Amino acid sequence: MDPKLDLQDSSSKETFFAHIFSAAFLQLDQIRHEHNSVLTSDRMMNQKLEYIAGVLKQLSASDEAVPGSLAELIAVQISKTSRYAKDMAEEEQRIVAESHNEADGNEEEEAAEYFEMSDQLDYCAKTLRRNLYHLAHM
35 MDPKLDLQDS SSKETFFAHI FSAAFLQLDQ IRHEHNSVLT SDRMMNQKLE YIAGVLKQLS
95 ASDEAVPGSL AELIAVQISK TSRYAKDMAE EEQRIVAESH NEADGNEEEE AAEYFEMSDQ
155 LDYCAKTLRR NLYHLAHM
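Basically this note's numbering = 1-based index in the sequence shown + 34.
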């Protein structure tokens, strides 16, 4: 007997949905943990990521298939949060430039951390989209 899963079976796809959302949750949770110092000072970013993580966690525990529009909305929210992080990084860089290097260096470090977080969130969104695309075409 072939050990492959029957992907036409809806319970198999639901299991894959749960795994995809669980992987995205773990990836997002790692980003949140790694950038805790920024998130403690940026309440808006922290709230956005907490909300997305909560939705991903709930979906990963669900036994039901998720509409494609909801899955895409989650990826869009992660992308928007990535853009917000990039905007914050650019703002920190602007502050450094305007201060003519009189800043204490914290702004440069925060800018670098925001850029890194933005890249990681962008990767998270792309990975989620790619996994959902592959699931839809199985």
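Even for Gly, the Cβ is constructed at its ideal location relative to N, Cα and C.
From a predicted model like this one, the values you see are computed outputs, not experimental measurements.
Practice task
May I have the straight-line CA-CA distance separating Leu166 from Ile65, to the nearest angstrom?
Solution key: Inter-residue distance for Leu166 and Ile65 is about 21 Å (C-alpha atoms, whole angstroms).
Handout entry: C-alpha distance - Ala119 paired with Ser152, whole-angstrom precision
Key = Each residue's CA atom was taken as its position, placing Ala119 and Ser152 some 5 Å apart.
Problem - Between the CA atoms of Thr161 and Asp121 - distance to the nearest angstrom - result: Answer to the nearest angstrom: the Cα atoms are 22 Å apart.
Practice task
Verify whether the separation of the beta carbon atoms of Ser96 and Ala146 is less than 8 Å.
Solution key: no
Exercise for the section: Starting from the N-terminal side, write out each stretch of the alpha helix (DSSP H) that is 4 residues or longer and does not extend beyond the segment 59 to 143. Expected result: 70 to 75, 77 to 94, 102 to 132
Handout entry: Sub-8 Å separation of Ser56 and Ser94 beta-carbons
Key = yes
Handout entry: For Val89 and Ala58, the rounded distance between their alpha carbons
Key = 11 Å
Problem - Rounded distance between the beta-carbons of Asp76 and Ser116, thought under 8 Å - result: With a beta-carbon spacing of about 14 Å, Ser116 and Asp76 fall beyond the 8 Å limit used to define contacts.
Practice task
Return helix, strand or coil for Arg163, following the three-state DSSP convention.
Solution key: helix
Problem - Beta-carbon gap between Glu126 and Glu150 smaller than 8 Å - result: no
Practice task
Name the residue from Ala159, Ala131, His69 whose alpha carbon lies nearest to the alpha carbon of Val110.
Solution key: Ala159
Problem - Cut-off 7 Å between Cβ atoms - residues of its own chain near Ala123, not counting five sequence neighbours on either side - result: Ala145, Tyr148, Phe149, Ser152
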